[in-house]
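Have a look at the structure below, then the notes.
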Amino acid sequence: MKLTINKKQFLASWGLAERSTSASGSVSILSSILVKADFESVLLQATDIKTSIICFASGITVTEPGEAVFPIKMVSDLFKKAPGEEFTIEVNEGKVILRAGRSKYNFSSYPVREFPVLPSSDSADLFCRISAAELAKVIEEGTLAASTGEEFPLYLSSANLQITQNMLNIVSTDTRRLALSSAAVADGAEAATALLPMKGVKELQRILGSLNPETEVKVLFDSAQFYFKTDTLEFTVRRVESKFPPYEKILPKNSTLSVVTDRGALISALERVDVIVRDFNRMVVLDIIPGSEMVLRGKAPDFGQAKEEIGAEAEGEKLRIAVNSKFFLEALKVMRDPEVKLSFNGQAGHMAVKRSDSDDFLCLIAPINLSEDELRMFDTEQNGADGI
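Just so we're aligned, residue 1 is where the sequence shown starts under full-length UniProt numbering, counting upward by one.
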């Protein structure tokens with residue numbers, strides 16, 4: 001195999017493949033990329049077993065077709081640091097020569113026969129078709145509540161993908177909050193659902209961000225894998241062998257209080273209160289009285305307390321409720337809308353964060369349970385003076 005490579009163009013494709021390799025290095029062949037070149041195209045393949053990718057590489061002129069498996073630990077740095085804008089690669093019986101300007105490097109490749117056979121979508125069923133931008137949005141919003149580590153039960157660190165009546169729902173939870181984002185799709189399966197690991201879903205989100213927003217993504221599935229396919233790549237994620245709980249049971253059907261306010265103003269006020277509480281308990285108390293402003297309060301023992309007032313349109317019963325400031329901020333920041341709608345079902349019910357004009361995003365946040373006496377403590381400063 002002999003290739004002439006435009007470094008800038010090639011490294012964009014190489015980077016996509018590199019991210020799907022195993023970082024542990026415990027199995028050498030999983031820390032490598034298979035390059036398959038013919039006179040029409042060059043394909044890169046990589047896998048860490050749980051995810052895999054096949055993508056077309058750009059910026060390559062093929063002089064001699066062939067196949068080779070390159071170890072990424074050393075080769076990636078050589079590719080990135082090779083002098084000039086172009087370099088050549090020659091592979092002959094497992095021996096590789098890289099030439100760039102007056103530089104020359106010799107190294108060994110791995111045997112092609114040892115590279116694992118990647119899952120194939122040839123016999124997979126269609127899940128849906130959706131644009132890259134829309135899929136990236138529902139992933140960002142719908143995975144908001146997932147745990148970041150690999151936790152048990154497995155659904156806590158997974159995203160639930162669900163198709164019903166040409167609507168894609170992505171749902172996640174860490175038990176203290178639940179996020180749900182929806183989007184209309186084309187050619188949706190009649191009814192299908194699956195759990196995917198967050199690591200794979202987040203990598204998919206990064207890949208989608210590198211594509212033209214209008215690129216159509218064809219989503220396919222079989223009993224073991226989900227496949228995300230475009231004209232230039234196919235990314236595969238192994239399904240999680242677990243079931244997501246029936247979240248529909250906790251979705252609010254009505255509310256005792258709803259509030260619409262400026263999202264940016266609420267974020268700014270909440271961030272200032274969070275300065276006081278973030279090193280203590282990250283608890284913020286909301287005071288909402290219809291016909292009045294919404295008040296945010298925070299308190300940290302031996303440090304101080306904060307009070308913020310922002311304009312809001314509230315309908316329903318007045319309420320004082322405590323919530324986690326980090327969870328609240330994350331729900332607000334994942335949105336892009338100018339306004340936000342907050343809905344409540346009393347002091348013990350979840351707070352629902354939604355768009356003011358649509359039901360395609362929802363984040364439920366469990367309140368922090370405080371007694372009436374504990375809540376009243378936020379009316380008084382630590383020194384006993386009148387509350388701020």
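Ideal Cβ placement from N, Cα and C applies to all residues, glycine included.
Under the three-state reduction of DSSP, Met-74 is assigned to helix. Between the region 152-159 and the region 168-178, the count of C-beta pairs closer than 8 Å reaches three or more; the two stretches touch. For Phe-152, the closest of Val-217, Ala-124, Ser-242 by C-alpha to C-alpha distance is Ser-242. Taken atom to atom, the span from the alpha-carbon of Gln-162 to that of Ala-192 is near 6 Å.
Secondary structure of Ile-29 (DSSP, three-state): helix. For Ile-163, no alpha helix (DSSP H) segment is defined; the enclosing uninterrupted segment is the beta strand (DSSP E) at 158-164.
As for any beta strand (DSSP E) of minimum length 3 sitting wholly inside the region 209-250, the runs are 216-221, 225-229, 233-238, ordered along the chain. Secondary structure of Gly-304 (DSSP, three-state): strand. At a Cβ-Cβ threshold of 7 Å, Asp-125 and Phe-221 count as neighbours. Burial is judged here by how many other beta carbons sit within 10 angstroms of a residue's own beta carbon; Asp-231 has fewer than 16 and is exposed. A Cβ-Cβ separation of about 12 Å leaves Phe-280 out of contact with Ala-306 under the 8 Å criterion.
Shown here, Glu-190 sits in coil according to DSSP, grouped into three states, outside any helix or strand.
DSSP places Ile-49 outside both helix and strand once states are collapsed to three, so it counts as coil. Under the DSSP assignment, Gly-15 falls in the alpha helix (DSSP H) whose first and last residues are 7-18.
When the beta-carbon positions are compared, Ala-46 and Ser-20 come within less than 7 Å of each other. Ser-120 is not a Cβ neighbour of Asp-360, given a cutoff of 7 Å. Burial of Leu-178 is indicated by the presence of at least 16 other C-beta atoms within 10 angstroms of its C-beta. Note: Val-260 is bridge-paired with Glu-313, Lys-341 in the DSSP secondary-structure output.
Leu-342 counts as buried, since at least 16 other C-beta atoms from the protein chains shown sit within 10 angstroms of its C-beta. Here Pro-197 is bridged, per DSSP, to Ser-158. Here the alpha carbons of Met-283 and Met-377 stand approximately 13 Å from one another. Under DSSP, Phe-56 shares a beta bridge with Leu-43.
According to the DSSP assignment, Ala-145 belongs to no alpha helix (DSSP H), since it is labelled neither H nor E. Scanning its chain for C-beta atoms nearer than 7 Å, with the 5 sequence neighbours on each side dropped, one finds around Gln-9 the residues Ser-58, Gly-59, in chain order. The region 134-143 and the region 240-254 do not touch, with fewer than 3 CB-CB distances between them shorter than 8 Å. Met-377 carries a helical assignment under DSSP once its states are collapsed to helix, strand and coil. A straight-line Cα-Cα distance of about 52 Å links Glu-271 and Ser-109. Cβ neighbours of Arg-320 within its own chain (closer than 6 Å, five residues either side excluded): Asp-287, Leu-375.
Residue Cys-55 holds the alpha-carbon nearest to the alpha-carbon of Phe-235 among Phe-39, Cys-55, Leu-11. Per the C-alpha coordinates, the member of Arg-99, Gly-304, Met-294, Glu-203 positioned closest to Ala-312 is Met-294. Ser-28 and Pro-71 have their C-alpha atoms spaced approximately 8 Å apart. Beta-bridge pairing by DSSP links Arg-177 to Ile-365. Non-local C-beta neighbours of Thr-215 in its own chain, meaning closer than 6 Å and more than five positions away in sequence, comprise Ala-132, Thr-230, ordered along the chain. When only Cα atoms are considered, Ala-23 and Gly-298 end up about 42 Å apart.
By the Cβ neighbour-count rule, Phe-228 is buried, with 16 or more other Cβ atoms within 10 Å of its own.
Here Ser-258 is buried. Its C-beta has 16 or more other C-beta atoms within 10 Å.
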